[in-house]
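Engineer: What follows is a single structure, and I will ask about it in a moment.
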Amino acid sequence: MNNSSVFAEKRITPRHPALSEHMVVFAFPGAPLYQLKAKDISETGIGVIVKPDSKFLNLIEIGQEMNVELLTPQESRHRQGFYSARIAYITGIKEGRFKGYKLVGLELISKIGKCV
-6 MNNSSVFAEK RITPRHPALS EHMVVFAFPG APLYQLKAKD ISETGIGVIV
44 KPDSKFLNLI EIGQEMNVEL LTPQESRHRQ GFYSARIAYI TGIKEGRFKG
94 YKLVGLELIS KIGKCV
């Protein structure tokens, strides 16, 4: 008996897992996608949590502009979608759950589209 036929997908439409946290997706040419946790979200900016040894930090610099995708939980008051953003700051987190990590501040310049 073929096990793959026993567990074949029977859903009419694919399911997408619900998000429990805000996430920001970054895409760079020739690099993997980076999907990072967001913290300290406001209408004009987002703080993104990054491990201190992440290669992501080598791909960014203060003042750099890029397009990012903001993914939000269903109950969030923030609008999910694609944004033009600018790196405002990169600083160390000195206390709490993410002590030792970096906080990358993104200034949201404008919304440029909706997530699919």
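Numbering (our numbering), first residue to last: -6 to 109.
Where a beta carbon is used, it is the ideal one built from N, C-alpha and C, also for glycine.
It should be emphasised that the depicted structure is a prediction, and the values quoted were computed from it without experimental measurement.
(1) When DSSP labels each residue in this structure, what does Phe91 get in the three-state scheme?
(2) Could you say which of Lys104, Lys44, Ile53 lies nearest to Ile86 if we only look at CA atoms?
(3) Taking the alpha-carbon positions, what's the Asp46 to Ser77 distance?
(4) By Cβ distance, which residues of its chain are closer than 6 Å to Val97, with the 5 residues on each side in sequence left out?
(5) Need the endpoints of the alpha helix (DSSP H) that Phe49 sits in, please.
(6) Is it right to say Ile39 is buried, meaning 16 or more other beta carbons lie within 10 angstroms of its own, or is it exposed?
(7) Going by the C-beta, is Gly74 closer than 8 Å to any heavy atom of the ligand SAH?
(8) Does the distance from the CB of Phe21 to the CB of Leu29 come in under 9 Å?
(9) What is the DSSP secondary structure of Lys107, counted as helix, strand or coil?
Structural biologist: Well, looking at it:
(1) For Phe91, the secondary structure class from DSSP, reduced to helix, strand or coil, is coil.
(2) Lys44
(3) 26 Å
(4) Cβ neighbours of Val97 within its own chain (closer than 6 Å, five residues either side excluded): Val41, Val43, Ile83.
(5) Residue range 49 to 52 is occupied by the alpha helix (DSSP H) that includes Phe49.
(6) In the assembly as shown, Ile39 is a buried residue. Its beta-carbon has 16 or more other beta-carbons within 10 Å.
(7) What this structure holds is no ligand at all, so the ligand SAH is not there to describe.
(8) The answer is no: Cβ separation not under 9 Å.
(9) In the structure shown, Lys107 sits in coil (DSSP, three-state: anything other than H, G, I, E or B).
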